[in-house]
Amino acid sequence: MRKKGCLLLAVLVVSCGVLLSQQDSLAQKKPTVLKAVCFLPKHDPLSAMTVEWVNKVNAMFPEELKIEYLGGPEIISAVEQVEALRKGILDIDFNVGSYYAPHGAEFNAFQLTRNSPLEQRKSGFYDFMVKAHEKIGVRYLGRWLHGGFYMYLKHPIQSMDEIRGKKIRTGPLYVFFLNKLGASPVSIKPSDVYTSLERGVVEGFCWPILGARAQGWTEICKHAIDHSFYEGDGTILFNMKKWETLPDSVKEKLLKWMPEYEMEMVKYYEEAIQKEKEALVRSGVKFSKLPPKEAERYIQLAYEAWWEFMMTKVPDLVPQLKKMTGN
């Protein structure tokens, strides 16, 4: 009887051990939760491919990762996000190079790229930027935004000279270009642009095709100069310490997939831009081209303005950056 009792006790102990082991195993399999934000509102038309990236990554790694997309600048202001990322307050940030260029002037080169993300990987630009971001405690994964920028105005113009003296809403991206054109740049956060246009604080703004209509800005500015400049400088950034804690298999698979995502991203935005431009025209926005020689000079000034600034900050890097970015 005692032997049976001992045997029963042994079975119970083993069973409990197996159960606890299974519970430990399940606990170990809980996915790593990652907090992500974007410099734009999560549901802005320009942010569409950040949502797609999060959804696809979560689907690729259901047992390893769980990315929680918290939102945009309402969570942490756009210009403070990279610093929050560096400190580990955030794990992933969908930002733009021009917003964190105070950490390194070379980050401005993203908006000056004239080649595709795939070509940037072949030219050495991608690897260059991986190393540059490592210096500030961030892992750069790739691009999430594509498309040029346009100048929208309340009143039509016939020549570039008519931009001189106009008060144009600006962000870090276009301030040097506007100065070159002789305009008066006025720094206004996106959430205040509509009111500023309405009250006459500014006479125009620079923005991509996507988003301007959704914000209501083209209700007031019905004229656009039909020459795009720069490139969307969206970057996918990871907190370095968090990145290093991920399993090697996850990192390898994610990095291998990124070029495929970038190609899909470019295709998505090209199609979306075309559709939105047609919608803008239907809504009454008129796209007007400058005379050929002026148009050439207009685009030239856009890039010249930035490269001149870069020469004052990182002169030794400019020749290399120009070559890698297709300039």
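Note that our numbering has the sequence shown beginning at 1, numbered continuously upward.
Virtual Cβ for every residue (Gly too), placed ideally from N, Cα, C.
Under the DSSP assignment, Val-175 falls outside any beta strand (DSSP E), being part of the alpha helix (DSSP H) whose first and last residues are 175-181. Cβ contact annotation for Lys-241 (same chain, cutoff 7 Å, sequence separation greater than five): Gly-88, in chain order. The segment 182-228 contains, as complete alpha helix (DSSP H) runs of 4+ residues, the segments 193-198 (chain order). Contact check for Gly-204 against Leu-153 passes: the beta carbons are separated by less than 9 Å.
Between Leu-70 and Val-37, the CB-CB gap stays under 9 Å. Arg-143 and Gly-211 have their alpha carbons spaced roughly 19 Å apart. Setting aside the 5 residues that flank it on each side, Met-160 is surrounded in the same chain by Leu-181, Leu-290, Glu-294, Arg-297, Tyr-298, each with a C-beta closer than 8 Å to its C-beta; the list follows chain order. Pairing Met-151 with Glu-264, the inter-Cα distance amounts to about 27 Å. The beta carbon of Thr-32 lies closer than 6 Å to those of Leu-65 in the same chain, with the five residues before and after it left out.
In this structure Leu-145 is in contact with Leu-46, their Cβ atoms being roughly 7 Å apart against a cut-off of 8 Å. Ranked by Cα distance from Ala-101, the first of Ile-136, Gly-216, Leu-141 is Ile-136. For Gly-326 against Glu-119, the beta-carbon gap comes to about 7 Å, under 8 Å, which counts as contact.
Judged by DSSP secondary structure, Ser-288 falls within the beta strand (DSSP E) whose first and last residues are 286-288.
The alpha-carbon separation between Met-49 and Ala-272 amounts to approximately 11 Å. For Asn-58, there is no enclosing beta strand (DSSP E); the enclosing alpha helix (DSSP H) has its first and last residue at 48-60. In summary, Lys-166 is buried, with 16 or more beta-carbon neighbours lying within 10 Å of its beta-carbon over all protein chains present. If you compare the alpha carbons of Phe-61, Glu-63, Gly-72, Pro-62 with that of Val-51, the shortest gap goes to Gly-72. In the displayed model, Glu-231 falls within coil according to three-state DSSP, outside both helix and strand.
When DSSP states are grouped into helix, strand and coil, Asn-108 belongs to the helix group. Here Gly-147 is buried. Its C-beta has 16 or more other C-beta atoms within 10 Å.
Taking His-43 as reference, the option from Lys-277, Gln-215, His-227 with the minimal CA-CA separation is Gln-215. Below 8 Å, enough C-beta pairs join the segment 103-116 and the segment 224-239 to call them touching: three or more. Between Ile-188 and Val-202, the C-beta spacing is below 9 Å. By the criterion of a C-beta distance shorter than 8 Å, Val-266 is surrounded in its chain by Ser-116, Pro-117, His-146, once the five residues flanking it on both sides are discounted. Here Lys-29 carries a coil assignment [DSSP, helix/strand/coil].
Per DSSP, the continuous alpha helix (DSSP H) segment holding Tyr-298 begins and ends at 292-313. The alpha carbon of Gln-81 has as its nearest neighbour, out of Glu-304, Glu-262, Leu-40, the alpha carbon of Leu-40.
In summary, Ser-283 is exposed, with fewer than 16 beta-carbon neighbours lying within 10 Å of its beta-carbon over all protein chains present.
In terms of Cα proximity to Ser-228, the closest of Ser-249, Ser-288, Ala-132 is Ser-288.
Lys-35 is the residue among Leu-178, Lys-35, Phe-177 whose C-alpha sits nearest the C-alpha of Phe-94.
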